[in-house]
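Residue numbers (this note's numbering): 1 to 233.
Even glycine gets a Cβ: it sits at the ideal position worked out from N, Cα and C.
The model shown is predicted, which means the values in this text are computed figures rather than measured ones.
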């Protein structure tokens with residue numbers, strides 16, 4: 001080490017004024033880093049790094065801030081059981097309905113019963129107007145004042161909501177653009193047997209009333225000047 005620096009370390013100051021000159025009020029000539037070097041305190045051999053304080057154990061208190069994203073709730077959500085829609089007073093077993101939407105829109109069908117889901121089970125019958133056993137929403141039908149006696153028509157027990165559900169499709173395999181043959185829509189023998197069983201009793205009830213079969217086979221249409229809300233069905 002230079003003897004000059006040793007002399008500087010042993011000197012004592014007689015003045016309490018700052019060694020740093022002030023250029024303008026609040027603006028010194030030398031920065032804090034520069035003054036540290038000019039004082040020569042880094043030459044003191046007795047200088048030791050300050051030991052880090054031991055970290056206090058983490059508090060288990062409630063945090064002041066919460067994450068921005070909502071965490072999934074673990075509470076049990078109890079959903080109310082689905083209740084079937086209330087059947088309209090104008091719709092009773094045997095009432096002839098006019099379909100307003102779907103593949104058979106405009107066709108007249110016979111209402112058989114209401115399923116657990118609230119949908120209506122109807123039939124053409126199939127041998128008269130080509131409408132098979134189907135489920136329809138009562139919001140898309142017009143109830144007429146004409147009815148058929150269906151007391152002798154027995155609907156098979158297996159004809160329910162699960163009866164009309166489409167089978168699940170298998171996952172595609174192979175390449176993305178590979179052409180796969182689409183399965184053809186075919187009517188099962190079970191459905192054919194159920195339709196035949198219902199039609200036998202239903203057609204007999206329809207033919208008991210003169211001209212009713214022709215009424216069911218004729219689609220519902222409107223011409224100019226006819227308004228459904230002003231008509232009596």
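Around the beta carbon of residue 111, a 10 Å sphere encloses 16 or more other beta carbons of the protein chains shown; the residue is thus reported as buried. Segment contact: the stretch 119 to 129 against the stretch 73 to 82, fewer than three CB-CB distances shorter than 8 Å; contact not assigned. Put simply, of 54, 117 and 62 the residue whose alpha carbon is nearest the alpha carbon of residue 87 is 117. In this structure, DSSP gives residue 33 a helical state, which the three-state scheme calls helix. For residue 22, the enclosing beta strand (DSSP E) has its first and last residue at 22 to 24.
Per DSSP, residue 96 lies in no alpha helix (DSSP H); the unbroken beta strand (DSSP E) holding it starts and ends at 95 to 99. Shown here, residue 121 sits in a strand according to DSSP, grouped into three states. Membership of residue 113 in the beta strand (DSSP E) is indicated by the continuous run 108 to 114. Rounded to the nearest angstrom, the gap between the Cα atoms of residue 113 and residue 230 is 28 Å.
Sequence-distant partners of residue 142 (beyond 5 residues in either direction) whose C-beta falls short of 7 Å from its own C-beta, in its chain, are 97, 98, 100 and 233. For the pair residue 84 and residue 160, the Cα-to-Cα distance works out to about 14 Å. For secondary structure counted as the beta strand (DSSP E) over 3 or more consecutive residues, the stretch 121 to 152 holds these complete runs in sequence order: 134 to 136 and 141 to 147. For residue 207, the enclosing alpha helix (DSSP H) starts and ends at 189 to 207. Residue 206 counts as buried, since no fewer than 16 other beta carbons sit within 10 angstroms of its beta carbon.
Here residue 102 is exposed, its C-beta having fewer than 16 other C-beta atoms within 10 Å. For residue 214, the enclosing alpha helix (DSSP H) begins and ends at 212 to 217.
Counting the other Cβ atoms within 10 Å of the Cβ of residue 150 gives 16 or more, which makes it buried. With fewer than 16 neighbouring CB atoms inside 10 Å of its own CB, residue 60 falls in the exposed class. By the Cβ neighbour-count rule, residue 123 is buried, with 16 or more other Cβ atoms within 10 Å of its own. Shown here, residue 28 sits in a strand according to DSSP, grouped into three states.
Secondary structure at residue 52: coil, using DSSP grouped into helix, strand and coil. Contact check for residue 218 and residue 147: beta-carbon distance about 17 Å, past the 8 Å limit, so the pair fails to qualify. Straight-line spacing of the CA atoms in residue 208 and residue 202 works out to 10 Å. Cβ contact annotation for residue 20 (same chain, cutoff 8 Å, sequence separation greater than five): 28, 29, 30 and 35, in chain order.
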